[in-house]
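Heads up, the sequence shown is in the working numbering, so the first residue is 1087 and it goes up one at a time.
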Amino acid sequence: MTFGDIIGHTGQIDLLRRALASDRLGHAYLFYGPEGVGKKLVALSIARALFCSEGGCGVCSVCRKVDHHNHPDLHLLEPDGANIKIDQIRELQRELALHPLEAERKIALLDRADTLNLAAANSFLKTLEEP
């Protein structure tokens, strides 16, 4: 799926496309809203656009790896049980400290970040604040 396949979110998609085109994408984005509105699809589309040499074609091996959540430089973090725990954040921090394997950068997607427990949230916030 590419940006063009996403229904709705036109203002947000246009903003992200302009940021990608001008190489002025922020280091972190927070997508919020009800479950099922496409937040994860938009985030994965950004990952495709950044990793794919064609800007997120949706058909190449890189895009397929992103679609199947098995690109080595894409880290998808989901709750382990009811919460995202501090150990998960620490493992993510270790992974992000390593050089990318296939892409120019690494991308971390926290699905359901609202489930971060307090220790995990504080640790993750420090990661976001680091230059």
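Backbone N, C-alpha and C fix where the C-beta goes; we use that ideal spot for every residue, glycine too.
In the structure shown, residue 1203 adopts coil according to DSSP, grouped into three states.
Sequence-distant Cβ neighbours of residue 1116 in its own chain, meaning closer than 8 angstroms and more than five residues away, are 1199.
The C-alpha of residue 1209 is placed about 7 angstroms away from the C-alpha of residue 1175. Residue 1129: member of the alpha helix (DSSP H) spanning 1125-1137, first to last residue. As DSSP reads the structure, residue 1193 sits in a beta bridge with 1160. The residue among 1135, 1091 and 1119 with its C-alpha nearest the C-alpha of residue 1104 is 1135.
Residue 1166 is positioned such that its CB atom lies no closer than 8 angstroms to that of residue 1187.
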